[in-house]
Amino acid sequence: MNSQTNSPALFFEDLLDDPANHLIESAADQEKIPIGYTCSYVPEVLLSVEPLIPVRVRAPHVPGTEVADIYLSSVICSYTRSVLELAMDDRYHFLQGWVFAASCDHMRRLYDNLKYLNPPEFLHILDVPHRQGAVSLSWYTDELNMLADRLSDHHPVRFTHEAMSRAVRERNEFFALLASIGELRKQKHPPLSGTEFQAITLASLVTPRQTLLPKIQKFKESLSGRNGISDYRARILLVGGQMDSLGFIRTIEATGGLIVADHLCTGSLPAMRPVSMNDDPMQSIAAHYLNRVSCPRMMEAFDSRVEEILKSVEEYSVDGVVIEFIKFCDTWGIEAGLMANALRKKGIPVLCLEREYQLSGEGQLRTRIQAFIESMGK
Amino acid sequence: MTSTNGRYYAGCDVGSTTGKAVILNETGILSTAIVPAEIDPEQTARKVLAKACENIQGLSGTDDFSFLVGTGYGRNEVPFANDNVSEISCHALGVHSCDPSIKTIVDIGGQDVKGIAIGDDGSILEFAMNDKCAAGTGRFLEMMSKIFRMDLDAFSSLSLEAKHAIPVTSQCSVFAETEVISLLSKRKAPAEIAAGIQASVAKRSFTLLKRVGIRPKLTVTGGCSKNKGLIMALEKRLRMDITPLPVDPQLMGALGAAITARKKGK
Chain A
373 MNSQTNSPAL FFEDLLDDPA NHLIESAADQ EKIPIGYTCS YVPEVLLSVE
423 PLIPVRVRAP HVPGTEVADI YLSSVICSYT RSVLELAMDD RYHFLQGWVF
473 AASCDHMRRL YDNLKYLNPP EFLHILDVPH RQGAVSLSWY TDELNMLADR
523 LSDHHPVRFT HEAMSRAVRE RNEFFALLAS IGELRKQKHP PLSGTEFQAI
573 TLASLVTPRQ TLLPKIQKFK ESLSGRNGIS DYRARILLVG GQMDSLGFIR
623 TIEATGGLIV ADHLCTGSLP AMRPVSMNDD PMQSIAAHYL NRVSCPRMME
673 AFDSRVEEIL KSVEEYSVDG VVIEFIKFCD TWGIEAGLMA NALRKKGIPV
723 LCLEREYQLS GEGQLRTRIQ AFIESMGK
Chain B
-11 MTSTNGRYYA GCDVGSTTGK AVILNETGIL STAIVPAEID PEQTARKVLA
39 KACENIQGLS GTDDFSFLVG TGYGRNEVPF ANDNVSEISC HALGVHSCDP
89 SIKTIVDIGG QDVKGIAIGD DGSILEFAMN DKCAAGTGRF LEMMSKIFRM
139 DLDAFSSLSL EAKHAIPVTS QCSVFAETEV ISLLSKRKAP AEIAAGIQAS
189 VAKRSFTLLK RVGIRPKLTV TGGCSKNKGL IMALEKRLRM DITPLPVDPQ
239 LMGALGAAIT ARKKGK
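Rendered as structure tokens:
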């Protein structure tokens, strides 16, 4: 499958080469406050309240995790290790705070080690319920209020009704634009590849969104002049947790599997839905993030996650589902097997791919993907 | 040997350790070849195809094939191939063409080990393969045989002499080497250590096979299928017989590729 080598999406890819890009650094120079976060249960919209900027913490091109390996046990995932390694090298110096969610034990250990080894100027961990419902919502809303109080105590930010409403409005507008580009992937010959879409999505997680907005609008306009992609062998839905490696997605697409939809922790169709506001903005935000369907850490929501995937399979004319997860991921390690069985029972071909955070073993990855596509008769 | 209608179909399996080629006509296998791998996968492909062509009068080179399919880890580096297919599909198809009653394959090659469940039509039902680690592959056995200052054939024969196997518990090739050297320095019987190494590879294959499901009949393909000590260790671990194939099991990838070439080239 031909990739768009001169794609305007290269602009977005360039923003992903380092933990910090020039746009976030220049925003910091203009009195903006970048706050890092590592989990989708940290409401990034709350970290968008002026002058905060949310930055999803990534560890691109980490050369190895020798130092992190000293402090973390051998069954901690390579994303956790990679982040701690770069944190020990002060590669996140541009962040003026970190917010974690106690989403899994690995993230808790990252929080602990960061606090012990290289404490940032602001560090907070949210206790997120594992269940949905009224009691959980009340708990989670309290957690967010505590986070807002701590942020206000430490940084010049005020979580007023107006400030939060504005952040929600801008977030909804931004994701509406992104979702409208995602919709184009439903076409038989989509005008953009999964690699391009993920480049934009990931860039939006690590760059001030308002700076990116005109670039994304321009990119969307450029798509109307393109011939759709037709030289693919199969339409793939990519499902999984942390996935911020374009190399991984590019390898799948180079083997003929066009990724037409994604349900990822770091770039998910369900995550782009608008936040609905009521009179209590904090509770509205809590409800949106608690109730959206995404992560296997949530109990009693497995059937909903399967339903969401089945819906996308139909809407995006998906031929097969690839479930990817990082080795030693407790939540996805269990979810992948159950999810694969549930989808196969519905007649959907599934490939489970256990991987490391950094792309490695590219040849074997290509063999797996190609065999999967061939097994579908494509 | 020649083809009656002048049409030749070739499969070229460019592996990490060897290159394999099979040339077919409409009715069956005309020629096969196996050569050690070169540094450049393209050179391996050229060399093995040239060797396979030597057995067929009037067939001078790759231009004479009606259709050529590349497979193996170097499949993308065969520029003269008309198409490439993953080795997983090719092994399934190759084995199915030899014996349709076989439902499970373990392919132990130079740097990969794969478990493959095949359907009634030779298609892949499920597969699993090792990750980037070389444990449980031919490369691992090569490393181990070097400790014994033997080639793989002699190492295999040595392991068959053992009455008991001394467990080698390290999965990592580097740690396993240290463990084996340590056992040898304690004057443990080399044959029993060799049998332990074979058992550790068999165990690794077994865990991979459990992921795809073990349905009889089962066969072993890839270069390691020629290691009798390993086959015995596998039979013991699986508690079932391994079904022999009528064609050299190392050629299954190339055979599957050639069968695909014949389908596509008709």
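These protein sequence lines map, in sequence, to chains A and B. Sequence positions in the first sequence follow this note's numbering and run 373 to 750. Sequence positions in the second sequence follow this note's numbering and run -11 to 254. Where a beta carbon is used, it is the ideal one built from N, C-alpha and C, also for glycine. The structure presented is a predicted model; accordingly, all values stated were derived computationally and were not measured.
The stretch 690 to 703 of chain A makes contact with the stretch 611 to 620 of chain A, as at least three CB pairs between them are under 8 Å. Residue contact with chain A for V235 (chain B): absent (no Cβ-Cβ distance below 9 Å to any residue of chain A).
Within the stretch 726 to 747 of chain A, E726, R727, E728, S732, G733, G735, Q736, R738, T739, R740, I741, Q742, A743, F744, I745, E746 and S747 place their CB atoms closer than 9 Å to a CB of chain B, listed in sequence order. Bridge partners of W470 (chain A) according to DSSP: A:G408 and A:L495. Looking at the backbone, the Cα of C701 (chain A) and that of C449 (chain A) are separated by about 6 Å. Taking a Cβ-Cβ cut-off of 7 Å, the neighbours of E75 (chain B) in chain A comprise T739, given in sequence order. Residue environment analysis places R192 (chain B) among the buried positions, since at least 16 neighbouring C-beta atoms fall within 10 angstroms of its C-beta. Secondary structure note for V455 (chain A): its alpha helix (DSSP H) is the uninterrupted segment S450 to M460. Note that the C-beta distance between L171 (chain B) and V156 (chain B) is below 9 Å. The C-beta separation of Y413 (chain A) from V500 (chain A) comes to about 5 Å, placing the pair in contact by the 8 Å criterion. Judged by their CB atoms, G60 (chain B) and K8 (chain B) are nearer to each other than the 9 Å cut-off. Residue contact with chain B for G705 (chain A): absent (no Cβ-Cβ distance below 9 Å to any residue of chain B).
In the three-state DSSP reduction, S158 (chain B) falls in the coil class, being neither helix nor strand.
The Cβ of M117 (chain B) sits closer than 9 Å to at least one Cβ of chain A.
Classified as exposed, V507 (chain A) has fewer than 16 neighbouring CB atoms from the shown chains inside 10 Å of its CB.
Judged by DSSP secondary structure, R428 (chain A) falls within the beta strand (DSSP E) whose first and last residues are L424 to R428. Non-local C-beta neighbours of E30 (chain B) in its own chain, meaning closer than 7 Å and more than five positions away in sequence, comprise E65, V66 and P67, ordered along the chain.
According to the DSSP assignment, S19 (chain B) belongs to the beta strand (DSSP E) that extends over I17 to P24.
R63 (chain B) is classed as buried because its beta carbon has at least 16 other beta carbons within 10 Å across all chains shown. Here the alpha carbon of G210 (chain B) sits roughly 17 Å from the alpha carbon of R740 (chain A). Within its own chain, the residues whose Cβ lies closer than 8 Å to the Cβ of S145 (chain B), once the five positions on either side in sequence are excluded, are K216 and G217, listed in chain order.
Its chain contains Q468, G469 and H526 as the residues whose beta carbon lies nearer than 8 Å to that of E493 (chain A), once the 5 sequence neighbours on both sides are disregarded; these appear in chain order. Using beta-carbon distances, Y61 (chain B) counts as an interface residue toward chain A, with a partner under 9 Å. I93 (chain B) sits in a strand when the DSSP states are folded into three classes. Cβ neighbours of L731 (chain A) within its own chain (closer than 6 Å, five residues either side excluded): S617, G619 and F620. Chain-ordered, the chain A residues with CB closer than 8 Å to the CB of S111 (chain B) read S747 and G749. C-alpha of R538 (chain A) to C-alpha of V2 (chain B): approximately 59 Å in a straight line. From the beta-carbon of D100 (chain B), the residues of chain A found nearer than 8 Å are Q736 and T739.
By the criterion of a C-beta distance shorter than 7 Å, R543 (chain A) is surrounded in its chain by V417, S420 and V647, once the five residues flanking it on both sides are discounted. Taking one beta carbon from each stretch, the stretch 704 to 719 of chain A and the stretch 30 to 45 of chain B have fewer than 3 pairs nearer than 8 Å; the two do not touch.
A contact is defined here as three or more CB-CB pairs under 8 Å, and the stretch 545 to 562 of chain A fails this definition with respect to the stretch 659 to 672 of chain A.
The C-beta of N650 (chain A) has fewer than 16 other C-beta atoms within 10 Å across all chains shown, which makes the residue exposed.
If the five residues before and after D389 (chain A) are omitted, its C-beta is found closer than 8 Å to the C-beta atoms of P432 and H433, all from its own chain and listed in chain order. In the DSSP secondary-structure assignment, K717 (chain A) is not bridged to any residue.
Spatial neighbours of D139 (chain B) in its own chain (CB-CB distance under 8 Å, excluding positions within 5 residues in sequence) are listed in chain order as S133. Burial is judged here by how many other beta carbons sit within 10 angstroms of a residue's own beta carbon; F547 (chain A) has at least 16 and is buried.
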